[in-house]
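Below is one structure, written out as structure tokens; the observations come after it.
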Amino acid sequence: MSAGARLPQLKTSEWRHSARYFLIALVLHGLILFYPLTPSIDLLETTPPASVQVKLTEHISATRTAPPAIAPKPSPTPTPQREKPSPSPQPVLALAVEPTSPPVTFTVPAVPTVPAASTPLTAGPAPTSAPRFDAAYLHNPLPEYPLLSRRMGEEGRVLLRVRVMPDGLPASIEIEKTSTFERLDNAARRVVSRWHFVPAKRGDETIEASVIVPIVFKLDN
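Its first residue numbered 0, the sequence shown is counted upward by one per residue in numbering that gives the first Met the number 0.
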């Protein structure tokens, strides 16, 4: 290549280098000029706000209530020694036997002496016997002495009017005379209701009749 052609190429490359330096210098001057105008932004370290703690405290009164006074325990009372009860008196049941009712007597008027041809005399009514309850073969039980009557010391004599059937069983029992204690009267009626009797008789015929039965309640002291 000739020297004339090389010269323009050198000028062109030099101009390019000069333009590059010029732009760099221009940018630097611009930065220097605008640097004071740019606000400085400082990143402040933000600390989280302090947390507020609320603590609930129990308000204690200055004057505390005094604990209730504990009453002293009562000393145990000695258990009284129970005395052995003395044996209760054994009741004695007395079964009084009333005399049997007297036989019915009939008065027969005197018959005048008549000749043999007169009519014969008619026979009188047959004798009657009252009911009986004291025969040994009857095995009638004695009444039970009520426990409460024994504790309360009740004694007495009961008279019962018993209507006896021809078969010897009681048809009805009524209190002829009370012992003044209802418990004793009821005990007497209960036991006599289970009794057997020797029925009343008129001649050889058994009949219905009444008899008085005495029951005596007495404590053996």
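For each residue, glycine too, the CB sits at the ideal point set by N, CA and C.
Note that the structure is a prediction, hence the values are computed from the model and not measured.
* **For glutamate 181, the three-state DSSP class (helix, strand or coil)** => Helix at glutamate 181.
* To do: Go ahead and pull the three-state DSSP assignment for phenylalanine 196.
  => Under the three-state reduction of DSSP, phenylalanine 196 is assigned to coil, being neither helix nor strand.
* Asked: By Cβ distance, which residues of its chain are closer than 7 Å to alanine 208, with the 5 residues on each side in sequence left out?
  -> Cβ contact annotation for alanine 208 (same chain, cutoff 7 Å, sequence separation greater than five): Ala129, Pro130, Val163 and Ala199, in chain order.
* Asked: Is it true that the segment 167-174 meets the segment 146-153, where meeting means three or more beta-carbon pairs spaced less than 8 Å apart?
  -> The segment 167-174, when compared against the segment 146-153, does not touch it at the 8 Å Cβ threshold.
* To do: Answer with buried or exposed for arginine 188, where buried requires no fewer than 16 other C-beta atoms within 10 angstroms of its C-beta.
  => When all chains shown are included, arginine 188 counts as buried.
* Determine the extent of the beta strand (DSSP E) in which arginine 162 is found, giving its start and end residues. => 155-163 is the span of the beta strand (DSSP E), which, as asked, contains arginine 162.
* Asked: Tell me, which residues are paired with serine 128 by DSSP?
  -> Looking at the DSSP assignment, serine 128 forms a beta bridge with Lys200.
* Asked: With 16 other CB atoms within 10 Å as the buried threshold, where does isoleucine 214 fall?
  -> So isoleucine 214 ends up on the buried side.
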